[in-house]
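The structure under discussion appears below in the form of structure tokens.
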Amino acid sequence: MSNQHAQSAAELLRRLREGVPLVQCLTNAVVANFTANSLLALGAAPAMVDLPTEAGPFARLASAVLINLGTPQHDQRVAMVEAVTVANAAGTPWVLDPVAIGALPVRTHLARDLLGLRPTVIRGNPSEIIALAGAGHGGRGVDSTDSAEDALEAARNLAIDFGSIVAISGGTDIVTDGVRDVRVDNGTELLTRITGGGCALGAVIAAFAAQDQDRLATTVAACAVYTLAAEQAARESAGPGSFAVAFLDRLAGLTPDDVLAGVVIG
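Here the sequence shown stands for residues 133 to 398, numbered as in the numbering used here.
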């Protein structure tokens, strides 16, 4: 199974770079630059279109849509619902990243509303996934206080109830469709020490989701490629600052052969 996922990830990376998917990002102000640069390094095209009356029409043109709740100002909240509604009508895959939900009421209510619109993929840290499933109150702001294994039952329930693939980010990433669980064991702690380390992964998941209807496979591929690039970058970095630069370089330079040789999937 792990070899099959590695081969799929390598092929999906090749297809992504050939196709240059257009990823519409309705994301938070803190991470927008890093998210856009991560998509560009990967080989995708970012579009940070998050205004009401523009977000919906653009979602019809996009290959995939990211909804990230990090800084949900009023106009952006309106645009998010608009973009998701059009994406669903157009059959465009979209990713929900329920940043810091649980104790904070505005984003928590919005996350629950968006959940009802059945995201293609949900990506979050363990505490966010548990809170989204109604089984906890979230972590410490954007930081998780739970492990990926702690969140697995909640993730499976979300996947089954809403027809979504759920990706739990942690020391080991776990991706589930509610029945099948896949673990990606690449990565580095340095991803938690830069702004956007998790949020940019949501955009990468969206880019991969545009490549194939098997969204479990595309989500596993996205997590594997992203965390392998981070793992490689960590080896040549002195700390968070040099890591952020090296990560973009490694994401750009990663080859399908690197994926086959380096990903750890079980």
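Cβ atoms here follow ideal geometry from the backbone N, Cα and C, with glycine treated the same way. On a predicted model such as this, the values are computed, not experimentally measured, just so you know.
Taking 8 Å as the cut-off, the beta carbon of residue 319 is found closer than this to the beta carbon of residue 362.
In this structure, residue 171 lies near residue 335, with their beta-carbon atoms less than 8 Å apart.
Residue environment: residue 278 is assigned as buried (16 or more neighbouring CB atoms within 10 Å of its CB, all protein chains considered).
In the three-state scheme derived from DSSP, where H, G and I count as helix and E and B as strand, residue 200 is classed as strand. Inclusion of residue 235 and residue 261 in the CB contact set at 8 Å is not warranted, their separation being larger than that value. Under the three-state reduction of DSSP output, residue 265 falls in the coil class, being neither helix nor strand. Every unbroken stretch of the beta strand (DSSP E) spanning 3 or more residues and falling wholly within the stretch 152 to 194 is given here in chain order: 154 to 158 and 177 to 179. The closest CA to that of residue 266, considering only 244, 178 and 179, is found on 244. As a beta-bridge residue in DSSP terms, residue 229 pairs with 200. About 14 Å separates the CB atoms of residue 280 and residue 254; that is not less than 8 Å, and the two are not in contact. In this structure, residue 256 keeps its C-beta atom at 8 Å or more from the C-beta atom of residue 317. Counting C-beta pairs closer than 8 Å gives fewer than three between the stretch 337 to 351 and the stretch 368 to 384, which falls short of the contact rule.
Looking at the DSSP output, residue 314 bridges to 307.
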